[in-house]
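When you line the sequence shown up against mature numbering (1 follows the signal peptide of the UniProt record, and there is no 0), it's residues -19 to -1, 1 to 461, in that order.
Beneath this line is the structure, given in structure tokens, with notes to follow.
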Amino acid sequence: MKKRLTFLTLALTCLTAQGAALTEGTPVNSLSASTGSALDYEIAVPADATNLSVNLSGGSGDADLYVRAGAVPTTSSYDCRPYLSGNDETCDFGTPQTGTYYIQVRAYQSFSDVSLLATYDSASGGTSQALSNGETLTGLSGADGSETHYHLDVPGDAENLVVGISGGSGDADLYLKYGTSPTSSSYDCRPYEAGNDETCSVATPQAGTYHLMVRGYNAYSNLSLTASYSDGGGSGNDGATWDGYETYYADAIGKTGSALTSALNEAAARNHSRMSYSQVWDALSYTDEDPNNSNNVILIYTGRSQDKDFSASGNNDQDAWNREHSWPKSHGFPSSGDWAYTDIHHLRPSDVSVNADRGNKDYDDGGSQISEAPGNYTDADSFEPRDAVKGDLARMMFYMDVRYNGNDGTGVGDLQLVNYTGTSGNNLGELCTLYAWHQQDPVSQREIDRHARIVEQQGNRNPFVDYPAWVDEIWGSQCN
């Protein structure tokens, strides 16, 4: 049995009001933390769920699992805490409450390469397809009288849930119900319009699972279905994160395909003031400043807070920080006179040696963990960053793809995201991995704040921070 008082003092540290959202049945892998620190997660549990199981397993060290319904657990307040040696711990709830369960993985001793999985049984079972926030399904079809079911897990702080069908031919009807599958006679929303353009909106949705049904009033084909909500903090994978969105992006709103990418190219280039490469040092010292220590910057891959003055400017120390081109300059803009070379939308402070490990490799999952930067992995042709910045890096790459199309005076070729690794020229991979990272790690307030500082320094904006749903509109069909 462990000594229960060892970390009592530390028990009050590292708690957050909200953790990263888990998807039922999808493990989160490669978790690591230092002694006394904690990782926070949450999962939305629907009304018809049974047999909720939260499982911690694998890796090395000693992690402790805490689970609590409705509030973040502490070392003294929880619904389940197995408190075993090692990392194999499970919390089971036969009849869980409806709503949000909060999960904390606390380091009794430092641990690494641990996996976390949450599962439950649902009455909607295998007949219902799970949707992700901001996801659009296309090419749907059904016969007269057919019924196709979907469901979307909604967290406790969500706002403005919007579910809609559109396009195609025939006549489909949309049904929406919280907690259980709708029927033709039992539902919370049923627009019941002629044709296929129907929308259900819930301004303040409940935490849990919303169930959707598309029913063929007549046979229909080539239908699109979209489900999305915005985060209560102004972030998430859908919804604008900036109040000026509707005015600034007026020419892009409502467009699709090449018309959308063309409009976003213009918007991303607007007001861009190119700086010199030497000016980038000061710019990054401002954009990536540690919010808890104005003398430091946060390094992108290690997450380390480091003195602004301890940089590679005139310093050969391998632990100094330098200017990481997240889109490698060898992939399309090798000259310092090329605008992308000094574009701080994709430049980040990075540990010198970890930056060397990344080199000019593509982004992708997998490889061997970097000892100096736990949570980062690399192999011969790819680099996987830590989970906390995967979405940030993905949206930076989407910006680069749209901002530089080879048809302007920036000196940069047509940058293209491609769906493979081992790239060369103006290409960079791996598109669908980046798309997945964007979905898994939505826009945070920290990313919004950094973006605002970039605009102060450089003038132009990243559309995919301001309105993340455009990622799905442009690349979703290639990756879903």
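Positions of the beta carbon are idealized from the N, C-alpha and C atoms, including for glycine.
Counting along the chain, no beta strand (DSSP E) covers P444; the unbroken alpha helix (DSSP H) around it starts and ends at P444 to D447. Each of L155, G225, D224 and Q187 was checked against the Cα of S205, and the nearest Cα belongs to L155.
Within the stretch 125 to 188, there are no complete alpha helix (DSSP H) runs of at least 4 residues. Annotation: the stretch 249 to 283 contains the following complete segments of the alpha helix (DSSP H) (minimum length 4 residues), in chain order: 260 to 268. Boundaries around W451 are those of the alpha helix (DSSP H), A450 to C460, since no beta strand (DSSP E) includes it.
Inclusion of S91 and S165 in the CB contact set at 8 Å is not warranted, their separation being larger than that value.
Under the criterion of beta carbons closer than 8 Å, F379 and F445 qualify as touching, at roughly 5 Å. With a minimum length of 3 residues, the unbroken runs of beta strand (DSSP E) contained wholly in the stretch 352 to 417 fall at 354 to 359 and 363 to 365.
T228 sits in a helix when the DSSP states are folded into three classes.
Counting other Cβ atoms within 10 Å of its Cβ, N246 reaches 16 or more and is therefore classed as buried. C72 and L46 have their C-alpha atoms roughly 8 Å apart. Spatial neighbours of S294 in its own chain (CB-CB distance under 7 Å, excluding positions within 5 residues in sequence) are listed in chain order as W262.
Put simply, of G126, H327, E353 and G137 the residue whose alpha carbon is nearest the alpha carbon of A2 is G137. Judged by DSSP in its simplified three-state form, Y322 adopts helix. Put simply, the stretch 364 to 372 touches the stretch 418 to 429. At least three CB pairs are less than 8 Å apart. Judged by their CB atoms, Y344 and S363 are nearer to each other than the 8 Å cut-off. If you draw a straight line from the Cα of C170 to the Cα of L409, it is about 43 Å long. Per DSSP, the beta-bridge partners of L98 are N36. Annotation for H432: no beta strand (DSSP E) segment contains it, though the alpha helix (DSSP H) segment containing it runs Q426 to Q439. Q421 sits in a helix when the DSSP states are folded into three classes.
Taking the Cα of T222 as reference, the smallest distance to any Cα among E23, N203 and S211 is reached at S211. Look at G17 here: in three-state DSSP terms it is coil, with no helix or strand label.
Taking the CA atoms as reference points, V436 sits about 46 Å from C61.
In this structure, DSSP gives N114 a state outside helix and strand, which the three-state scheme calls coil. By the Cβ criterion, the stretch 117 to 131 is in contact with the stretch 182 to 202, since at least three pairs of Cβ atoms, one from each stretch, lie closer than 8 Å.
In this chain, the beta strand (DSSP E) harbouring V48 covers S41 to A50.
If you draw a straight line from the Cα of E270 to the Cα of Q426, it comes to about 14 Å. Within the same chain, S202 come within 6 Å of S150 by CB-CB distance, once the 5 residues on both sides are set aside.
Judged by DSSP in its simplified three-state form, V9 adopts strand. For V333, the three-state secondary structure derived from DSSP is helix.
Where F74 is concerned, the enclosing beta strand (DSSP E) starts and stops at E70 to F74.
It is roughly 15 Å from the alpha-carbon of A361 to the alpha-carbon of N336.
Annotation: V183 to Y191 spans about 11 Å, alpha carbon to alpha carbon.
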